[in-house]
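Residue numbers (the numbering used here), protein chains in the order written: chain A, 1 to 332; chain B, 333 to 802. All C-beta atoms, glycine included, are put in the ideal place defined by N, C-alpha and C. In this text the structure is predicted, and so the values were computed from the model without any measurement. A short worksheet on the structure shown next.
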Amino acid sequence: MNRFFSLALIACCFLPFSARIHAQLLEPETPSVLPPEANAQDGTANPAAQQNALPPENAKTALGTDIPDSLDLTPQQEDQLRQITETLFEVPPTRSGGGDAEIVEIPLSLHEALGQLQSGNERLAAVEAYWHLRSVIAALGVETRIRESAEKAFSVLGQAQNDTPDYQALMAAYRVNLSSADAQIAQLRVEIREGQIDLMRKTRRSIELGWPIPSSVPWYGNYSLQSEAAQSRSFELASEAILIPEKIRACYTSGFALGAPESLFTPEVSGFERIDDGYLYLKTLDNKRLAALGYIRVLESLNSSIARYVSAYAPTIDTRTFVNCLIGNAEE
Amino acid sequence: MASVKKEWGFVFALVFLWSISVPALADDSDLFDDPLFEAEGASQLAVDDPISGETVPVSPPAQPAPQGEALPDDLPPEPAVDLQPKEIPETMPVTSEQAAASPPAGPQPAAETPPDTAPLNPVPDTPPAAETVPSASPPRFPDEESRTASAEELPLVRFLLTPPDSVTSQLRGEPKSLADVLEGVTQPPQRQLVTERYWELAESLANYHLSLIHANDIEECITRFSKEGTLSENETAALVSARRRAAQQTAESKMTLAEAQCRLAEVLQASSPQANRNGLLAAIPTDIPNTLSYKTRYDQIKREKPLSPQAALLNEAIPARYEMMLLYDKTVSEALEAYRTLYYAGGTSAETLLSAADKLNDSKEMLIRCVTEYNKLIAAYVSETVGPEVRGSRLISTMIRPRPSESIPVWDAPEQTRIAVSPIPAEALPRRPRPAAAEIPASELDPFTPSSAPGPGRSLRPEQNAEIFR
């Protein structure tokens, strides 16, 4: 009996001892001083990460077009980007004024806005104010149209008279979405008014001429820079010469990531029937909204950089030439 | 009788073996093997402390503190360590908050003294007195208390600011530390401005890295749902829109990074026009911002010299911002946990997982922003309290943990963890050479203009010409 007891005790005591030896064989006692990734050979990496993501060609297909390798666009790419940009920067209907106290809204091209300015610094400040106001108005358009898409899709669901908790939760999420959009729209209206006042101050326009609504479309394609010898004339030139190609690439990626121009503000689905799909619909709309706003921001930044570059390169050129250097003379 | 004695002797020997074997059972080193957790950058190696039996993070080899010149009379503030020991649960991976709170290897340090009763010790360049730093090996930094950077800082911040070579190789610029950019900048207001731009650049680098991680998370979601079965129309639209949104974010964050590089170069040019700043036109930051509890020593410094009301405000603002930073870090930990749970749970819907991925990304962005603001406050406080005579590594040590000198063996490999950023989406990181300048004649009066052709073909081509600069 004693022998059996001893053998059992031996077995119980040996188990942890063997575990410790086993552990020591697998891992050193002293902490490793190498970076963790140098020890990471055990294949315990995230299996999802180890699996290949969708191959690039599929990703490109999902995006609708290839991201150009160079900064020059093919005619097809240029046409798509043009449609996207013109849709986003569509000039809203202007108020022509119906009463004595109501101030009219006047479309204002970039050339008209800079008409009275000759100084390089003043002109640059006016251009930046112009593009900022243009971008805020475009953002208002995005928020408004996304809101309309959500309203249209959920108006059908609202007629279903479904009182289940899931339905109520979805409708609550939709109302949150609407309230958030309304708040954003109100915020943007305030920013537009502030931007208009700022633009009028910087362009020395009188309020009697009406609230300015920028009408020029920002530049969105490749932009050829001067030779490096010319760029090294000043620090501003050199830094903008570095930034402009980066911003053009960001513009391309952002623009083509928006997909087809006709589906900028609506998901590529006809609607939804299930409650779960309602959440997905809202998510898709939100992603489209954020992507469109991102492209607008990138475009504003690119055009401001171009303006700074041209101002630094040739601060005394006449206004007409200056505007041509920024956006070409397609408006003439 | 003899056999009984032998048996009992044998039993006692076995009991002795048992007593020294039991601690081996408490091996928590597998806590960090969760790849998704490590992908979020909060993992560390951990081993058992043979003395306390607790799980402790890996300690890089300690180095002696750098030797320096005699201290100036003013008392620059110093970064200090603030530990709150906390038990690490065995079943959950150690998040950044817990890693920061985990006890160190070796003997426990002295208890943290409250700020208003802190000793009036100036920041020494020599190793501190033995009664304050009982550590087995010489400390690396003046305020070293036998703990390591990895145990105190927020690991996520370090992770995001040490992107892999596959990411940095696509960026313009050269690695530059805070000391590099402050070299030659002597006046405190300019130093503050340069430091702020440096931290903004670090923030933009972290955001760019973060955007790549987020894009990869979205790809993982797509892969997972593609494999699970047939996607509905709405699910496909949601996943595609998420991928597009992530690509746009990456493009924009890379653009923001380039802008931040130029802004830093601009202030350097303004602060020191005579110096040759061409090499700093594009910097890639290498220093990690401070995520420790910052000891301002306001009362002590005020006894030595008058301080502005701004310094008093900063003295209040800095601890408040630190607390906010910890809260954001906690938010990231919770968002990460929520995302992991949903990712590995069966039956999770695409919308739920995408929302969780977005929330995780947003919480990290907010943490990074808060860290940048915290370090800007520190830079402002140093500008108010540290004179222009304090320079070099001495100045840097008043803001962040200084890097060890090259003569001392260091563990200077970045604390990179395995990253689930593979492969980087092609759209997010185009690998193409920079375009050559258009072939325009070298004369400065050469015209350049956007294309004047209507409709398609607005891209500039060298052969197109317009009359300007007449």
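- Residue 105 (chain A) sits in a strand when the DSSP states are folded into three classes.
- Annotation: residue 200 (chain A) to residue 135 (chain A) spans about 16 angstroms, alpha carbon to alpha carbon.
- Using a CB distance below 8 angstroms, the part of the segment 295-319 of chain A facing chain B consists of 295, 297, 298, 301, 314, 317, ordered along the chain.
- Chain-order list of chain A residues neighbouring residue 574 (chain B): 283, 284, 287, by C-beta distance under 9 angstroms.
- Nearest Cα to residue 224 (chain A) within the set A:144, A:204, A:182, A:327: A:327.
- Residue pairing for residue 633 (chain B): DSSP places it in no beta bridge.
- Residue 665 (chain B) sits buried, since 16 or more C-beta atoms from the chains shown fall within 10 Å of its C-beta.
- Bridge pairing for residue 211 (chain A): A:105 [DSSP].
- The C-beta distance from residue 660 (chain B) to residue 689 (chain B) rounds to 18 angstroms, too long to fall under 8 angstroms, and the pair is not in contact.
- For a Cβ distance threshold of 9 angstroms, residue set 279, 283 of chain A lies close to residue 687 (chain B), ordered along the chain.
- For residue 552 (chain B), the uninterrupted alpha helix (DSSP H) segment begins and ends at 520-560.
- In the DSSP assignment, residue 616 (chain B) falls within the beta strand (DSSP E) that extends over 615-617.
- As for any alpha helix (DSSP H) of minimum length 4 sitting wholly inside the segment 214-290 of chain A, the runs are 228-231, 235-256, ordered along the chain.
- The C-beta separation of residue 213 (chain A) from residue 106 (chain A) comes to about 7 angstroms, placing the pair in contact by the 8 angstroms criterion.
- Across the set B:732, B:725, B:698, B:696, the C-alpha of B:732 shows the shortest separation from the C-alpha of residue 713 (chain B).
- One alpha carbon belongs to residue 547 (chain B), the other to residue 490 (chain B), and they sit about 20 angstroms apart.
- Contact annotation: in the segment 120-132 of chain A, no residue has its CB less than 7 angstroms from a CB in chain B.
- In terms of Cβ geometry, residue 283 (chain A) and residue 570 (chain B) form a close pair [threshold 8 angstroms].
- Out of B:720, B:341, B:705, the CA that lies nearest to the CA of residue 530 (chain B) is found in B:705.
- Shortest Cα-Cα distance from residue 215 (chain A) to any of A:280, A:95, A:131, A:184 involves A:131.
- Taking a C-beta distance under 8 angstroms as the contact criterion, residue 700 (chain B) and residue 535 (chain B) qualify as a contact pair.
- For residue 191 (chain A), the uninterrupted alpha helix (DSSP H) run begins and ends at 165-203, by DSSP.
- Going by DSSP, residue 506 (chain B) is part of the beta strand (DSSP E) stretching over 506-508.
- In chain order, 528, 531 place their CB closer than 7 angstroms to the CB of residue 708 (chain B), counting only its own chain and leaving out the 5 sequence neighbours on each side.
- Remark: C-beta atoms of residue 208 (chain A) and residue 141 (chain A) do not approach each other more closely than 8 angstroms.
- In this structure, the straight-line span from the alpha carbon of residue 125 (chain A) to that of residue 202 (chain A) is close to 7 angstroms.
- Rounded to the nearest angstrom, the gap between the Cα atoms of residue 323 (chain A) and residue 256 (chain A) is 26 angstroms.
- Residue nearest to residue 173 (chain A) within the set A:151, A:312, A:194, A:193 is A:151 (criterion: CA-CA distance).
- For residue 570 (chain B), the C-beta contacts it makes with chain A under 7 angstroms involve 280, 283, 284, in order along the chain.
- The C-alpha of residue 180 (chain A) lies about 11 angstroms from the C-alpha of residue 286 (chain A).
- In the structure shown, the three-state DSSP call for residue 724 (chain B) is helix.
- Residue 695 (chain B) places its beta carbon less than 8 angstroms from that of residue 663 (chain B).
- Not flagged as an interface residue toward chain B: residue 117 (chain A), since no C-beta distance is shorter than 8 angstroms.
- Within its own chain, the residues whose Cβ lies closer than 7 angstroms to the Cβ of residue 304 (chain A), once the five positions on either side in sequence are excluded, are 128, 131, listed in chain order.
- For a Cβ distance threshold of 7 angstroms, nothing in chain B lies close to residue 275 (chain A): the least Cβ distance comes to about 10 angstroms.
- Contact annotation: in the segment 495-506 of chain B, residues whose CB is within less than 8 angstroms of a CB in chain A are 504.
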